[in-house]
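Chains as they are written, first to last, in this note's numbering: chain A, 1 to 222; chain B, 1 to 222.
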């Protein structure tokens, strides 16, 4: 019996690529906005890796995003305004997310378990209309997924055993880490998260507890 | 310009006294349920004081409530089932709360800043229909109000300056502490929180930034 659904956000709930590109295009018309969005996102995991590996203390994703923005802007030969960093608070949801999460919320507790900070998830949820009961994720654990501490901190914050909690994500790697810490797992593919030429996470690569085509299908199946 | 409203919950949003008494009456029909609820609540502040004063590490309010339940049950000469502790997750809201908070949510970020844990606030919000954008409070700070750290941790989690955040409470002491850390303050009286003979917090005892008669009146005034 699942008592809480926790879910990834970037990619799983929201289309960060076209949304960030839209924001980039509005303030940096001279650059290839999709290429800029891809380059910015490509710095995401290496930046978190430095925290995960203990090479720097926990620092919120908002701050990592701003550091990465400066790095990428310099590479593109432009100076980006700091407030472009708020692009990550204005990401459009995939069309099934608001209805599907609303249905899951009728069944159990729902909460994002993202690498985004509480501030970032709060503002993004207001922009995108993402329902939730509370915000879990990296800031609660002061570490980044896929470190086990993040999934375990989410369960601990809800005072639930990991076996009572399902992690939902569009990324097999996220689910492998969640399963390794004892959580249930739900997979939803987002085959255009990285654009039309995406080659990764096109389908489930393990026997996840639920494999659905979107959040509404997941709500039907649980 | 207020960018977030954070609010107290026990007493300010929900009528803990009659709700806890109802839960007590259901499982301990032999005791005076209101007297039991009052006695249980009377152990609340002393239990948190031991954490605030550094005499024990942070422990979630759920656990303090359970310790206090055993203490009070022994005093009443009964053995209380552990699951009576979940009474604190089933507290009825005052009649203005759901509509008033919904209106505030249209204006700015809203979040509980309670001494309740994330788990307790999550379940209580689902029971009572309390809207919010995220859950802040004691667990984020790992300390208890009215320690300054709790208000400051709430502002930090939202990446806002304290001057951009209004603390709303039915307790003057909560607001004195919030003001001392730089937050704006909003007072709502709850003159029957402690029953018909209540003598404290019947009115504002300072020039709070907003003094309203309920959450809807507060939404009108900000």
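Even glycine gets a Cβ: it sits at the ideal position worked out from N, Cα and C.
Interface partners of residue i on chain B, CB under 7 Å
i                     : result
residue 122 (chain A) : 109, 133, 134 and 158
residue 2 (chain A)   : Residues of chain B passing the Cβ test: none, with the nearest at roughly 15 Å.
residue 119 (chain A) : 157, 158 and 159
Proximal residues of chain A, C-beta to C-beta of residue i below 9 Å
i                     : result
residue 126 (chain B) : 105, 109 and 133
Closest by C-alpha distance to residue i, when choosing among the options
i                     : options                       : result
residue 139 (chain A) : A:26, A:62 and A:40           : A:62
residue 89 (chain B)  : B:51, B:129, B:95 and B:100   : B:129
residue 215 (chain A) : A:168, A:50, A:196 and A:172  : A:168
residue 94 (chain A)  : A:18, A:176 and A:175         : A:18
residue 109 (chain A) : A:127, A:158 and A:96         : A:158
residue 48 (chain B)  : B:30, B:155, B:77 and B:114   : B:114
residue 206 (chain A) : A:195, A:194, A:196 and A:175 : A:175
residue 172 (chain B) : B:209, B:143 and B:154        : B:209
residue 151 (chain B) : B:132, B:187, B:133 and B:111 : B:111
residue 223 (chain A) : A:131, A:145 and A:195        : Lying outside 1 to 222, the shown extent of chain A, residue 223 (chain A) is not represented and no answer is given.
residue 194 (chain A) : A:41, A:31 and A:141          : A:41
Cβ-based neighbour list, residue i, same chain, cut-off 8 Å, excluding 5 preceding and 5 following
i                     : result
residue 189 (chain B) : 170, 201, 202, 203, 204 and 213
residue 198 (chain B) : 191 and 192
residue 2 (chain B)   : 107, 108, 164, 165, 166, 184 and 222
residue 75 (chain A)  : 39
residue 79 (chain B)  : 73
residue 127 (chain A) : 89, 90 and 91
residue 84 (chain A)  : 23, 24, 27, 28 and 69
Cutoff 7 Å; reference residue i; Cβ partners in own chain excluding five residues on either side
i                    : result
residue 43 (chain B) : 68, 71 and 72
residue 5 (chain B)  : 104, 108, 110, 166 and 168
Close Cβ partners of residue i (< 6 Å) along its chain, the five nearest in sequence each way excluded
i                     : result
residue 20 (chain B)  : 37 and 87
residue 25 (chain A)  : 33
residue 16 (chain A)  : 10 and 91
residue 117 (chain B) : 60, 61, 62 and 139
residue 98 (chain A)  : 129
residue 155 (chain A) : 162 and 165
Beta-carbon neighbours of residue i, restricted to chain A and to distances below 8 Å
i                    : result
residue 62 (chain B) : 159
Beta bridge counterpart(s) of residue i as assigned by DSSP
i                     : result
residue 48 (chain B)  : According to DSSP, which records beta bridges pairwise, residue 48 (chain B) is partnered with nothing at all.
residue 223 (chain B) : Residue 223 (chain B) falls outside the range modelled here, since chain B spans only 1 to 222, and no answer is possible.
residue 59 (chain A)  : None, per the DSSP bridge assignment.
residue 185 (chain B) : B:167
residue 10 (chain B)  : B:14
residue 92 (chain B)  : B:15
residue 215 (chain B) : None, per the DSSP bridge assignment.
residue 36 (chain B)  : Bridge partners of residue 36 (chain B): none, in fact.
residue 128 (chain B) : Partner(s): none; residue 128 (chain B) has no beta bridge.
residue 273 (chain A) : No answer is possible for residue 273 (chain A): the residues shown for chain A start at 1 and end at 222.
Partners in chain B for residue i, counting only beta-carbon separations shorter than 8 Å
i                   : result
residue 6 (chain A) : Near residue 6 (chain A) there are no residues of chain B at all, since even the closest Cβ is about 12 Å away, more than 8 Å.
Note to self: Assess contact between the region 209-219 of chain B and the region 91-104 of chain B, defined as three or more Cβ pairs (one per stretch) separated by less than 8 Å. Is contact present?
What the structure shows: yes
Notebook entry, point to check: Taking three-plus beta-carbon pairs below 8 Å as touching, is the region 153-170 of chain B in contact with the region 178-195 of chain B?
Noted result: yes
Margin query: If contact is defined by three or more beta carbon pairs under 8 Å, each pair taking one atom from either stretch, is the region 27-37 of chain B in contact with the region 113-130 of chain B?
Written below: no
Next item on the list: Inspect the CB distances between the region 8-28 of chain B and the region 47-62 of chain A and report whether three or more fall short of 8 Å.
Entry: No, the region 8-28 of chain B does not touch the region 47-62 of chain A.
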